[in-house]
Each structure stands twice: as C-alpha cells, then as structure tokens.
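Asks: Please read through the structure below; I'll follow up with questions.
Numbering (our numbering), first residue to last: 2 to 448.
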C-alpha cells in the first residue's frame with residue numbers, strides 16, 4: 002500500500018494527465034483522418050460544392066430580401082455584400098463582385114412565387130448538408146418533415162439577421178472613429194470578430210443540423226478548429242492567387258469560375274473535417290483502454306440492449322411506439338456516454354432479427370413476444386459472449402442480480418463442457434480410428 006508521503010501530488014498528477022493527453026492528440030487526429038476518409042468526405046464535399054453552385058445565389062438573394070424587410074438594415078446591404086466577397090472569397094477581385102451584383106439585380110424582379118422557388122433551391126442544399134452530417138454522426142433516423150422545413154427556414158431567416166447585425170455593429174464602431182480611438186483590448190476584439198462569427202456559425206451548424214444530441218463542448222472544439230483552418234485557407238488561398246496568376250492568362254474573364262469552384266470545395270472539406278472532429282470525440286473517449294467508464298464494453302452493450310427492450314415491453318401495453326431519442330436516453334444509463342451511434346447499431350441488429358420494428362417517423366416497437374426472445378439469442382445477435390455478465394456492478398436494476406446469476410451459471414457450464422484437453426479430443430486420431438482412408442492405406446502398406 003502506498004503511503005501518503007509517497008503518493009504523487011495533485012500537481013504531479015495534473016502534469017501526468019496533461020502529458021498523456023498531449024501524446025494522444027496526434028493519435029486522435031489520425032483517427033479523425035481515417036474516419037474522414039472512410040466516410041468519403043472528399044466526395045461529399047464535391048457533391049455539396051456542386052449543389053452550392055445552384056443554391057448560393059438563391060440563399061444570398063433570400064438573405065438580402067429578408068434584410069430589405071427591416072428598414073434598420075437598409076444602409077448595410079452593401080456592407081453585407083462586401084462581407085461575403087471580402088471575407089468568404091479572398092482575392093476574388095471585381096469580377097466576382099460584378100457577377101454577384103448582376104445576379105442580385107435579376108433576383109429583385111422576381112415575384113413572390115419566384116422567391117419561394119429560390120428558397121426551395123436553398124432548402125435542397127440544406128437537406129444535402131443534413132444528410133451528410135447524419136451519415137458522419139452514424140444517424141439513420143431523419144427528422145419529421147415539418148421539423149426539417151422549420152429548421153431550414155430558421156437558418157435562412159436568422160443567418161442574414163445575425164450577419165447583418167454584426168456588419169451593422171462594425172459599421173457603427175468605425176463611424177465613431179475607427180479602431181484607433183479604442184483601447185487595445187476592444188480593438189483586438191473587433192479585429193477578431195470575423196473569426197468569432199465563423200466559429201459561431203460552425204458551432205451552430207454542428208449543434209443543430211445533425212439529428213443527434215451533440216455536446217456543446219465537442220461542438221465548440223470542432224468549430225474552433227474549423228474556424229482556424231478556414232483562416233489558414235483564406236491566407237493560403239490569397240497567397241496562391243497573388244503568386245500564381247497564370248490562371249488569368251488561361252481563362253481570361255472566366256478565371257473567376259475555377260477559383261470559385263476550388264474555394265467552395267476546400268471550404269466544404271473544412272466544414273466536414275470539423276464535423277468529423279465533433280462526431281469522433283465521444284467515440285475516442287469511449288475507446289478500449291481509455292478508462293472513461295467502469296465496466297466492460299460488452300457488459301454495457303448488453304445492459305443497454307436490455308434497458309431498451311424493457312422500455313419497449315412496457316410501451317407495448319399502451320400500444321404506442323417509443324421514440325428513438327427516448328431509447329437513447331434509456332441506454333445512456335448503461336453506456337459510458339450518450340453513445341447514440343452504438344444505440345443505432347444495436348437497434349439495427351435487433352431490427353434485422355425482427356425482435357423490434359420501426360414505427361414512422363422515428364419510433365420503435367417490440368415486434369415479437371417477450372417469451373420468444375432469449376438471452377442466448379441476444380448474445381448471439383450482439384456478438385457477445387457469456388463473459389459479458391461478469392461486470393454488472395455499474396448498473397442498478399431489479400433484474401441485475403438475476404441476470405448476473407444466469408450468465409455466471411451458463412458460463413460455468415460452458416467452461417465445464419469445454420474443459421477437454423487436446424489429447425482427449427484427438428484420441429480417435431491417435432488410435433487410427435479417425436484417420437482418413439488414404440492414411441490408413443499407407444499404414445497398412447508400411448506394415
């Protein structure tokens with residue numbers, strides 16, 4: 002036993018943990034990179050860039066139309082366009098600004114039906130983004146139609162108001178005398194405002210677009226990294242455009258097209274990389290050997306499955322399905338974290354064996370009689386062994402002791418049945434009784 006004098010101090014423990022976490026950072030990003038590749042994010046970014054070409058102008062037009070409905074924003078519409086051109090597409094030059102102005106002038110002549118059509122085009126892009134995000138978060142469930150339309154419309158209406166408000170605030174500050182009359186802290190805060198806006202935009206996207214409960218801390222970390230990468234991309238892209246102007250010689254007045262395509266593709270790559278960081282963080286904390294939870298992972302999967310089946314059995318009395326979110330919350334009692342990716346995997350396996358069924362739009366029900374579902378079938382379906390019940394102390398249920406006893410007895414019987422040495426197993430072969438005919442012929446010929 003370690004004496005108090007020999008115990009490491011709190012500062013030493015803190016340093017050890019910090020060093021261990023620093024060593025894990027490269028491993029974590031390597032895990033994110035493999036996940037990024039496995040999820041085909043480069044292909045998804047290309048598809049989203051293609052959709053963005055059709056939806057970019059409609060989204061900007063809808064945003065400016067919303068700003069036009071508020072007189073306070075009349076003076077900052079030009080500033081809003083400048084923000085889009087200068088911050089989102091560096092070194093675009095007057096070509097892109099002129100093209101954007103022409104497109105927006107054409108949209109001003111649209112009727113109400115035309116505006117709705119533009120909004121539908123923008124919603125198609127948002128639907129594509131949600132689909133890709135749900136795949137990254139391993140979520141096969143989709144939002145109900147009404148909820149999806151409400152979320153998309155909220156994004157289309159709130160985003161221009163937020164950006165317009167920030168541009169208005171910056172304009173007011175500069176009209177008061179610019180950064181020179183402000184303190185260093187305030188001036189620095191204003192200088193970092195664009196970075197903060199992009200970080201908030203990324204964070205909101207990671208929190209609300211996927212049909213999953215996302216931890217705020219993870220979304221904040223992913224948004225910060227994505228915003229930093231975005232800043233680095235702006236700097237690197239501007240440097241490339243200035244240092245290698247040969248594209249203008251090749252494409253002439255159309256040079257803005259390849260620049261814009263490449264820029265949009267790289268931005269979507271960054272957006273998806275940040276999403277992978279947010280989605281991978283809980284998985285990384287729950288990896289084997291991470292020490293984030295008591296109890297083995299097989300035991301936790303088994304208990305999570307039984308807790309969800311118990312909830313479905315109770316709901317069967319009322320005849321109502323159980324929502325996916327409710328089952329995920331029930332399973333979170335057993336899992337190391339609210340691992341809805343694992344929950345979805347378990348539900349899919351149970352659905353394949355028709356133990357449970359799917360109720361639209363996002364519910365589940367018990368499809369078979371509880372008497373017809375055995376523990377052995379569950380262990381087989383979940384690829385678990387009888388040792389899954391060796392560590393169940395982390396859960397408190399009325400049936401925990403009964404389950405532990407049944408699995409312990411079955412494990413003892415299994416070990417007793419398999420307690421056979423190889424000499425006993427291969428005895429017929431050693432005696433010649435189990436030899437193949439060709440081997441017996443050789444033995445007789447040798448004799």
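From the three backbone atoms N, C-alpha and C, an ideal C-beta is built for every residue, glycine too.
Considering only the alpha carbon of each residue, which of 139, 42, 34 lies closest to residue 348?
Replies: Here residue 348 refers to the residue found at position 347 of the chain shown. The residue with the shortest Cα to Cα distance from residue 348 is 139.
Asks: When DSSP labels each residue in this structure, what does residue 213 get in the three-state scheme?
Replies: Sequence index remark: in the chain shown, residue 213 carries index 212 (1-based). Residue state, collapsed to three classes: coil.
Asks: Within the same chain, show all residues whose beta-carbon is closer than 6 Å to that of residue 1, passing over the 5 residues directly before and after it, in chain order.
Replies: Summary: the structure shown does not reach residue 1, with the chain confined to residues 2 through 448, and so no result is reported for it.
Asks: Residue 276 and residue 197 - do their beta-carbons sit closer together than 9 Å?
Replies: Stepping through the chain shown from its first residue, residue 197 is reached at position 196. Stepping through the chain shown from its first residue, residue 276 is reached at position 275. No, the Cβ-Cβ distance between residue 197 and residue 276 is not below 9 Å.
Asks: Per the DSSP calculation, residue 323 is bridged to which residue(s)?
Replies: Taking the chain shown and counting its residues from 1, the one referred to as residue 323 is at position 322. According to DSSP, which records beta bridges pairwise, residue 323 is partnered with 365.
Asks: Assuming residue 234 and residue 267 make a contact with CB atoms under 8 Å, what is their CB distance in whole Å?
Replies: Translated into the one-based positions of the chain shown, residue 234 becomes position 233. Translated into the one-based positions of the chain shown, residue 267 becomes position 266. Right, their Cβ atoms sit about 6 Å apart.
Asks: Going by alpha carbons, who is nearest to residue 274 out of 203, 152, 48?
Replies: For this step, residue 274 is matched to residue 273 along the chain shown. Per the Cα distances, 203.
Asks: Using DSSP with H/G/I as helix, E/B as strand and the rest coil, what is residue 359?
Replies: Against the chain shown, residue 359 aligns to sequence position 358. Correct three-state label for residue 359: strand.
Asks: Measure the C-alpha to C-alpha separation of residue 136 and residue 130 and round it to an integer number of angstroms.
Replies: Taking the first residue of the chain shown as 1, we reach residue 136 at position 135. Taking the first residue of the chain shown as 1, we reach residue 130 at position 129. If I take the Cα positions, the gap works out to 10 Å.
Asks: With DSSP run on the structure shown, which of helix, strand or coil describes residue 284?
Replies: Within the chain shown, numbered from 1, the residue matching residue 284 stands at position 283. Three-state result, residue 284: helix.
Asks: Quick one: is residue 211 buried, meaning 16 or more other Cβ sit within 10 Å of its Cβ, or exposed?
Replies: Along the chain shown, one-based indexing puts residue 211 at 210. By the 10 Å Cβ count, residue 211 comes out buried.
Asks: Might you give, ordered along the chain, the residues of its own chain that have their beta carbon closer than 6 Å to the beta carbon of residue 366, omitting 5 neighbours on each side?
Replies: The residue given as residue 366 occupies position 365 in the chain shown. Once the five neighbours on either side are set aside, the close Cβ partners of residue 366 are 322, 358, 360.
Asks: Would you decide whether residue 44 is buried or exposed? Buried here means 16 or more other CB atoms lie within 10 Å of its CB.
Replies: On the chain shown, position 43 is the one that residue 44 refers to. Looking at its Cβ environment, which holds fewer than 16 other Cβ atoms inside 10 Å, residue 44 is exposed.
Asks: To the nearest angstrom, report how far apart residue 354 and residue 346 are at their CA atoms.
Replies: Looking up residue 354 in the chain shown gives position 353. Looking up residue 346 in the chain shown gives position 345. Looking at the two C-alpha atoms, the distance is approximately 13 Å.
Asks: So, with DSSP's three-state summary, where would you put residue 19?
Replies: For the purposes of this step, residue 19 is taken as residue 18 along the chain shown, with counting starting at 1. Residue 19: helix per DSSP, three-state reduction.
Asks: Is the beta carbon of residue 302 closer than 9 Å to that of residue 343?
Replies: Within the chain shown, the letter at position 342 stands for residue 343. Within the chain shown, the letter at position 301 stands for residue 302. Yes. Within cutoff.
Asks: Considering Cα atoms alone, identify which of 209, 31, 300, 264 is closest to residue 404.
Replies: Position 403 of the chain shown, counting from 1, holds the residue named residue 404. Among 209, 31, 300, 264, the Cα nearest to that of residue 404 belongs to 300.
Asks: Any heavy atom of the ligand FMN within a distance shorter than 8 Å of the CB on residue 20?
Replies: The model depicted lacks the ligand FMN and carries no ligand whatsoever.
Asks: Give the secondary structure of residue 145 by DSSP, where H, G and I count as helix, E and B as strand, and everything else as coil.
Replies: Here residue 145 corresponds to residue number 144 of the chain shown, with the count starting at 1. Note: residue 145 maps to coil in three-state DSSP.
Asks: Could you give the C-beta distance for residue 33 and residue 281, rounded to a whole number, given that I count them as a contact under 8 Å?
Replies: Position 32 of the chain shown, counted from the start, is the residue given in the question as residue 33. Position 280 of the chain shown, counted from the start, is the residue given in the question as residue 281. Indeed they touch by this definition, with Cβ atoms about 5 Å apart.
Asks: Residues in its own chain within less than 8 Å of residue 327 by CB, not counting five upstream and five downstream?
Replies: If you number the chain shown from 1, residue 327 lands on position 326. Here the set comprises 312.
Asks: In angstroms with no decimal places, state the Cα-to-Cα distance between residue 269 and residue 20.
Replies: Position 268 of the chain shown holds residue 269. Position 19 of the chain shown holds residue 20. One C-alpha to the other measures close to 33 Å.
Asks: Could you say which of 406, 122, 218, 259 lies nearest to residue 242 if we only look at CA atoms?
Replies: By 1-based counting over the chain shown, the position of residue 242 is 241. The residue with the shortest Cα to Cα distance from residue 242 is 259.
Asks: Where does residue 40 fall in DSSP's three states?
Replies: On the chain shown, residue 40 is found 39 positions in, with the first residue counted as 1. Note: residue 40 maps to coil in three-state DSSP.
Asks: Near residue 309, what residues of its chain come up, given a Cβ to Cβ distance below 6 Å and the 5 sequence neighbours on each side ignored?
Replies: Counting from one through the chain shown, the residue named residue 309 turns up at place 308. Once the five neighbours on either side are set aside, the close Cβ partners of residue 309 are 328, 331, 332.
Asks: Using only alpha-carbon positions, find the residue among 36, 133, 369 that is nearest to residue 356.
Replies: Position 355 of the chain shown, counted from the first residue, corresponds to residue 356. Answer by Cα proximity: 369.
Asks: Going by C-alpha to C-alpha distance, which of 306, 316, 51, 320 sits closest to residue 380?
Replies: On the chain shown, residue 380 is found 379 positions in, with the first residue counted as 1. Out of 306, 316, 51, 320, 306 has the C-alpha closest to the C-alpha of residue 380.
Asks: What distance in whole Å lies between the Cβ atoms of residue 271 and residue 227, which are believed to be in contact at a cut-off of 8 Å?
Replies: Locating residue 227 in the chain shown gives position 226, counting from the first residue. Locating residue 271 in the chain shown gives position 270, counting from the first residue. The pair is a contact, with the Cβ atoms about 6 Å apart (cut-off 8 Å).
Asks: State the DSSP-derived secondary structure class of residue 330, mapped to helix, strand or coil.
Replies: Sequence index remark: in the chain shown, residue 330 carries index 329 (1-based). Reduced to three states, the DSSP call for residue 330 is helix.
Asks: Note down, in chain order, each residue of its chain lying with its Cβ closer than 7 Å to the Cβ of residue 339, except the 5 sequence neighbours on either side.
Replies: In the chain shown, counting from the first residue as 1, residue 339 sits at position 338. Bear in mind that a pLDDT of 43 at residue 339, under 50, signals an unreliable position, so the number given afterwards is only what the model happens to contain. So the list reads 214, 329, 333, once near-sequence residues are dropped.
Asks: Using a Cβ-Cβ cutoff of less than 7 Å, which residues in the same chain neighbour residue 178 once the five nearest sequence positions on both sides are dropped?
Replies: By 1-based counting over the chain shown, the position of residue 178 is 177. Bear in mind that the predicted position of residue 178 carries a pLDDT of just 49, short of 50, making it unreliable; the figure below should be weighed with that in mind. Excluding sequence neighbours, residue 178 sits near nothing in its chain.
Asks: Can you find the residues in the same chain that come closer than 6 Å, C-beta to C-beta, to residue 52, ignoring five residues on each side of it along the sequence?
Replies: Taking the first residue of the chain shown as 1, we reach residue 52 at position 51. Once the five neighbours on either side are set aside, the close Cβ partners of residue 52 are 126, 129.
Asks: Between 304, 133, 217, 54, which lies nearest to residue 41 when the distance is taken from Cα to Cα?
Replies: Residue 41 sits at position 40 when you count from the first residue of the chain shown. Comparing Cα positions, the closest option is 133.
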